[in-house]
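K.L.:
I'd like to ask you about the structure that follows.
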Amino acid sequence: TDDSSGVIDAVLTEPGAEDPSAGAAVIDVQTFTATGTWTKPATGTVAYIQCWGAGGSGGRGGLVASAAGGGGGNFIDRWISLASLGATETATIGAGGAAQTTNNTVGNVGGNSTFGSFVTAYGGGGGGANSQGGGGGAGI
């Protein structure tokens with residue numbers, strides 16, 4: 008697997024709601040490490056969404072020049088009212104920046120991870136080639 012790919016955690020919490028058998032708050036956790044479909048739970052009022060963008064790849068230097076590592080992907084989280092969400096939402100996971108195989112080439116950017124149209128975590132920048140600076144981390 009590619010450890011630089013994005014991740015999405017969609018956690019539904021319903022404060023005050025209790026599971027009669029356990030006496031604890033009802034929690035529904037849906038974690039995506041590959042693109043998939045989030046399904047709205049039958050109960051609850053809000054969803055806590057966490058998204059990580061994918062990291063960029065490092066650059067590739069030449070015969071005597073070094074290269075820099077790629078930047079990390081953006082992390083973003085949001086509380087969203089369940090009433091605002093559809094019965095299902097697409098959780099899209101960004102892929103890590105593809106490795107470079109050609110000398111003297113900058114790295115590739117990482118892919119964005121999204122939760123429907125509500126949350127986007129941007130991928131990191133590609134690393135520089137031939138002693139250039141590293142790839143920047145993703146912004147909001």
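Count along the sequence shown from 1, then add 7; that gives the number in the working numbering.
Note that CB positions come from ideal geometry on N, CA and C, so glycine has one too.
Determine the direct distance from the alpha carbon of G51 to that of G66, and round the result to whole angstroms.
P.N.:
In a straight line, the C-alpha of G66 is about 46 Å away from that of G51.
K.L.:
In three-state terms, what does DSSP make of A54?
P.N.:
Strand.
K.L.:
With distances taken Cα to Cα, identify the nearest neighbour of A98 among I34, V33 and T38.
P.N.:
Out of I34, V33 and T38, T38 has the C-alpha closest to the C-alpha of A98.
K.L.:
Using a Cβ distance threshold of 8 Å, determine whether the region 59-77 contacts the region 85-93, with at least three qualifying pairs required.
P.N.:
No, because fewer than three Cβ pairs between the region 59-77 and the region 85-93 fall closer than 8 Å, the two stretches do not touch.
K.L.:
Under the criterion of a Cβ to heavy atom distance below 7 Å, does F122 qualify as lining the ligand GTP?
P.N.:
With respect to the ligand GTP, the structure shown offers nothing to examine, as it has no ligands at all.
K.L.:
For A90, which of helix, strand or coil comes out of DSSP?
P.N.:
Helix.
K.L.:
Would you mind stating whether G135 and V116 have Cβ atoms separated by less than 8 Å?
P.N.:
Not closer than 8 Å, so no.
K.L.:
Report all residues from its chain with a CB closer than 8 Å to the CB of F82; omit the five preceding and five following residues, and keep chain order.
P.N.:
Taken in chain order, the residues that qualify are Q57, C58, W59, G60 and A128.
K.L.:
By alpha-carbon positions, which one of I100, R85, A106 and D84 ends up nearest to N119?
P.N.:
Measuring from the Cα of N119, the nearest candidate turns out to be I100.
K.L.:
Tell me which residues share the same chain as A41 and place their Cβ nearer than 6 Å to its Cβ, disregarding the 5 neighbours each side in the sequence.
P.N.:
Once the five neighbours on either side are set aside, the close Cβ partners of A41 are I100.
K.L.:
Please state if the CB of G132 and the CB of G77 are separated by a distance shorter than 8 Å.
P.N.:
Taking 8 Å as the Cβ cut-off, G77 and G132 qualify as a contacting pair.
K.L.:
Is T46 closer than 8 Å to T95 when the C-beta atoms are compared?
P.N.:
Yes, these two residues count as a Cβ contact at 8 Å.
K.L.:
Please state the DSSP three-state secondary structure of G43.
P.N.:
DSSP places G43 in strand when its eight states are reduced to three.
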